[in-house]
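Engineer: Counting with the UniProt record's numbering, you get residues 1 to 148 for the letters of the sequence shown.
Okay, here's the structure, questions in a sec.
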Amino acid sequence: GVAMGNILSGTCPEIRAGGKESIAATRIQASFRGMRERRQRKREESAALKIQAVHRGRKVRRDLDFRSVAQKKKAGMEVGNELVEMKNRMIEMRAKMKERERKVDALKLKKITRYASGKDASQGNYFGEERKRLERKETSRARRAARR
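Below, the structure written as structure tokens:
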């Protein structure tokens, strides 16, 4: 800057006083080397900062990826557990519905038998088809139960 300008213009006090060019040359070389070192240090520092930033970013992304994998696994397990529970509830409901249907059919068959054998025997033909259907249904249920 200013010192370099003084040296080159000849207004530097050391040069005027001693008139030695070697002192001026040394000063010029020293200031140039200092400037070059400062530039180099600045470049190295900015490169180091860039490397650190890249490393930190990569680390954060990796950590987030591991977390998201764990979260996905956890969510998948939760959904799987809910599906298992839902399936179990549906199996229970199906069993209850079948049991209810079996009871209703048994009551119908009992009612039809009562009508066919009692004072309302005249209506026996009316219930004949329904009776056959219910008896077939009960027979097939018994066969399925025997297979298990």
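Yeah, the Cβ is synthetic: ideal placement off N, Cα and C, and Gly gets one too.
Could you give the distance in angstroms between the alpha-carbon of S140 and the alpha-carbon of A75?
Structural biologist: Between S140 and A75, the C-alpha separation is close to 43 Å.
Engineer: Hey, could you find the ends of the alpha helix (DSSP H) R147 is sitting in?
Structural biologist: Counting along the chain, the alpha helix (DSSP H) containing R147 begins and ends at G128 to R147.
Engineer: So does the region 88 to 97 actually touch the region 105 to 112, counting three or more Cβ pairs closer than 8 Å?
Structural biologist: Short answer: they don't touch.
Engineer: Tell me, to the nearest whole angstrom, how far the beta carbon of K137 is from that of D105; I am working on the premise that it is less than 8 Å.
Structural biologist: Between D105 and K137 the Cβ distance is about 6 Å, and since that is below 8 Å, they are a contact.
Engineer: For A95, collect the residues of the same chain with a Cβ closer than 7 Å to its Cβ; drop the 5 residues on either side in sequence, then sort them by chain order.
Structural biologist: Nothing meets the Cβ criterion.
Engineer: In angstroms with no decimal places, state the Cα-to-Cα distance between S46 and E85.
Structural biologist: If you take the alpha carbons of S46 and E85, they lie about 58 Å apart.
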